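Working notes for the structure below.
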Amino acid sequence: MQKSPTSIYPPIDLVIPMYNEEKNIPLLVKHIITHFTPYFEQICFILVDDGSKDNTYEAISEIEIQSEKIKIDYIRLARNFGKDLAIKCGLDHSTSPLCAIIDADFQHPPEKILEAVEAIQQGVDVVHIVKKEYNFGPKYRKYGSKFFHKLVNFLSDYEIHLTDFKVLNQKAVERLRPFSENYYFSRGIIDFIGLRTTKIEYEPQERKFGESKYSFFSLLRLAVNSMMAVSVKPLRISIYVGLMISIFSFLYGLYILGEKIFLGQPIPGFATLGTALFFLGGIQLLFLGIIGEYLGKTFIESKRRPQYIIDYIQEISPEKK
Ligand code: UDP
Ligand code: MG
């Protein structure tokens, strides 16, 4: 699938969100420079520092750039805005005909970008690079992510590819620009814009250095936010559940009334009543919570705050070093 190094692709931007990646990022940038330079007219790294607390910037500024074809734009966000908004910031700065989004930690094998670019050259607009089966890391993450994938796709009206490893052409990047929501679910939105897409597979690697930035609870929060970002179906489900419980209660009422009239049995007492009361109370609180979450998110979106705040942008180029 890969072309010979003599064939040249148009310029590419590489959007890389980074949060405390001082050890990984210089290695990744060097790796890409070594392997990609012959293939592209120009390579621009858009390195979005999502409020790192380590020496990510220093590590990047020490990278030696020897070729005029390479450009590094370092964008420092004012604080940690989360991976999705860091990606959005990178995409907002992308102007090249091709744009790849890749994690900083080597879990996404960079070589797959060449395969994806080839597919874009053949006429697709977006290439989703999706995970194959893998066998490392905690089990709850593996199965949790599979379950989340199914749930998000059940809730969404369009198919969502749950991967942030993607290559886009400029048309796709342009279509993403107007999306200004604060709860920006990058993966969900890229599938929303409706262009020609294809998917290729990659074998995920273990993180090279450091640890995943997501604990169990932050993953859970991310999952809830993502589901609410793609759909209002949970609200509709509450109507169905409410309706089902009402019908069931009505039929049960008829049943005990029948028992009383035809069999002369006394109407059962507090146990049934208590159980039904707690059950309904629980359901009501649950759905009140869901409504509250949507309302809270609407409140935040209604303020129309900027999605992210850039502290500064630093161009790292051979001349400036
Ligand atoms: N990341 C980020 N902001 C965050 C968390 C993560 O920019 O708040 C970056 C991180 O540096 C990495 C990518 O997003 O390049 C994926 O993060 P991580 O490897 O921690 O996630 P996982 O692979 O475990 O899902
Ligand atoms: Mg990772």
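Take the position in the sequence shown, starting the count at 1, then add 10; the result is the number in the numbering used here.
Cβ atoms here follow ideal geometry from the backbone N, Cα and C, with glycine treated the same way.
Nothing here was measured: the structure is a model prediction, and the numbers come from that model.
Cβ neighbours of residue i in the same chain (closer than 6 Å, five flanking residues each side left out)
i: isoleucine 203; result: Arg185
i: lysine 13; result: With a pLDDT of 49 at lysine 13, under the threshold of 50, the predicted position of this residue should be treated as unreliable, though the coordinate-derived value follows. Within the same chain, lysine 13 has no close Cβ partners at all.
i: histidine 138; result: His171, Thr173, Lys176 and Lys209
i: aspartate 135; result: Asn179, Lys181, Ala182, Leu205 and Arg206
Residue burial classification, residue i (beta-carbon count within 10 angstroms, cutoff 16)
i: alanine 239; result: buried
i: tyrosine 49; result: buried
i: phenylalanine 92; result: At residue 92 the sequence reads glycine, which differs from the phenylalanine that was named. Buried, because 16 or more other Cβ atoms sit within 10 Å of the Cβ of glycine 92.
i: aspartate 60; result: buried
i: valine 251; result: exposed
Residue i CB to nearest heavy atom of the ligand UDP below 7 Å
i: tyrosine 224; result: yes
i: asparagine 90; result: yes
i: glutamate 213; result: no
i: glutamate 31; result: yes
i: alanine 96; result: yes
i: lysine 209; result: no
i: methionine 28; result: yes
i: aspartate 113; result: yes
First through last residue of the alpha helix (DSSP H) which encompasses residue i
i: arginine 206; result: No alpha helix (DSSP H) holds arginine 206; DSSP gives it neither H nor E.
i: alanine 69; result: 66-71
i: valine 127; result: 122-131
Cβ-based neighbour list, residue i, same chain, cut-off 7 Å, excluding 5 preceding and 5 following
i: arginine 315; result: Asn192
i: proline 107; result: Pro20, Pro21, Asn179 and Gln180
i: glutamate 211; result: Val140 and Lys142
Proximity test, residue i beta-carbon vs the ligand MG heavy atom, cut-off 7 Å
i: isoleucine 217; result: Here the sequence assigns arginine to residue 217, which means isoleucine is not the residue at that position. Yes, since a heavy atom of the ligand MG falls inside the 7 Å radius drawn around the Cβ of arginine 217.
i: glutamine 117; result: yes
i: aspartate 60; result: no
i: aspartate 102; result: no
N-terminal and C-terminal residue of the beta strand (DSSP E) that residue i is part of
i: glutamine 324; result: 320-326
i: histidine 41; result: Element bounds for histidine 41: not the beta strand (DSSP E) but the alpha helix (DSSP H), 34-46.
i: tyrosine 29; result: Unbroken run through tyrosine 29: none, as it is neither H nor E.
i: leucine 108; result: 108-111
Neighbourhood of residue i by C-beta, 8 Å cutoff - its chain only, sequence neighbours within 5 removed
i: asparagine 163; result: Glu169 and Ile170
i: lysine 79; result: Thr47, Phe50, Glu51, Gln52 and Ile53
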